[in-house]
Amino acid sequence: GAVVSQHPSWVICKSGTSVKIECRSLDFQATTMFWYRQFPKQSLMLMATSNEGSKATYEQGVEKDKFLINHASLTLSTLTVTSAHPEDSSFYICSALPLGEGDGYTFGSGTRLTVV
Amino acid sequence: EDQVTQSPEALRLQEGESSSLNCSYTVSGLRGLFWYRQDPGKGPEFLFTLYSAGEEKEKERLKATLTKKESFLHITAPKPEDSATYLCAVRLNTGFQKLVFGTGTRLLVSP
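Chains as they are written, first to last, in the numbering used here: chain A, -13 to 102; chain B, -14 to 96.
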């Protein structure tokens, strides 16, 4: 089945620094990938939709200059949290929609970001 | 506004005690309702997709059903390994096929 690999699984960074999270589709091509954020005991909140070769579409209230998304190939999307602050600490999860499949959204294993 | 609501928020069952989880939705255009299982610190794991009212799907001890306004996830004779958070999500009839998730039900099955 379709597999999405997400790295790193956890990261600790200092306030003011930037962190990059990678999301790779291992055995399929994904024209569309989704980035979610999840706070403890809460559900997944969609942050943005990234499309290969074009600009990402951000959800209302998500700062596009803070959360930079790049989807340069059909198998890789990256999320960069710029100038991170403690309130950015959260669980970030990516998802991909395999090309040609009607459903079957595949999720990565998530990245736990802690900003100190 | 598109909304997905799950109940109960948390559920504790004894092993073998069957129950149902509810997912109610109000969306402008539905293109599928999804059920996922999420273990702590992990990404969601796909369980089912339902497309039309009256549709049912089963997998081991789980059975999902769909009406025009809600979906149920029935758990028959649960085991401790069924303990997890169960999420439902709806795919909207918009360009990017994004999912809107419900709040989730945290299930704990005690031996």
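From the three backbone atoms N, C-alpha and C, an ideal C-beta is built for every residue, glycine too.
- In the structure shown, residue 66(B) adopts helical secondary structure according to DSSP, grouped into three states.
- Relative to residue 75(B), the option among 25(B), 91(B), 54(B) and 1(B) whose CA is nearest is 54(B).
- In the DSSP assignment, residue 41(B) falls within the beta strand (DSSP E) that extends over 41 to 44.
- Inter-residue distance for residue 14(A) and residue 41(A) is about 21 Å (C-alpha atoms, whole angstroms).
- The three-state secondary structure of residue 30(B), taken from DSSP, is strand.
- Between residue 68(A) and residue 4(A), the C-beta gap is smaller than 8 Å, which places the two residues in contact.
- The beta-carbon separation of residue 65(A) and residue 21(A), rounded to 5 Å, stays under the 8 Å limit for a contact.
- Annotation: Cβ neighbours of residue 79(A) in chain B (cutoff 7 Å, chain order): 28.
- With contacts defined as CB atoms closer than 8 Å, residue 88(B) and residue 29(A) qualify as a contacting pair.
- Taking 8 Å as the CB threshold, residue 1(B) stays off the interface with chain A.
- Residue 55(B) is bridged by DSSP to 9(B).
- Taking residue 22(B) as the centre and dropping the five residues before and after it, the same chain places the C-beta of 29, 30, 32, 69, 70, 71 and 72 closer than 8 Å to its C-beta, in chain order.
- For residue 45(A), the three-state secondary structure derived from DSSP is coil.
- If you draw a straight line from the Cα of residue -9(A) to the Cα of residue 34(A), it comes to about 18 Å.
- Here residue -4(A) is exposed: its Cβ has fewer than 16 other Cβ atoms, across all protein chains shown, within 10 Å.
- Between residue 64(B) and residue 0(B), the CB-CB gap stays under 8 Å.
- Nearest Cα to residue -10(B) within the set 39(B), 38(B), 44(B) and 57(B): 57(B).
- Residue 24(B) and residue -6(B) have their alpha carbons spaced roughly 15 Å apart.
- The beta-carbon of residue -2(B) is placed no less than 8 Å from the nearest beta-carbon of chain A.
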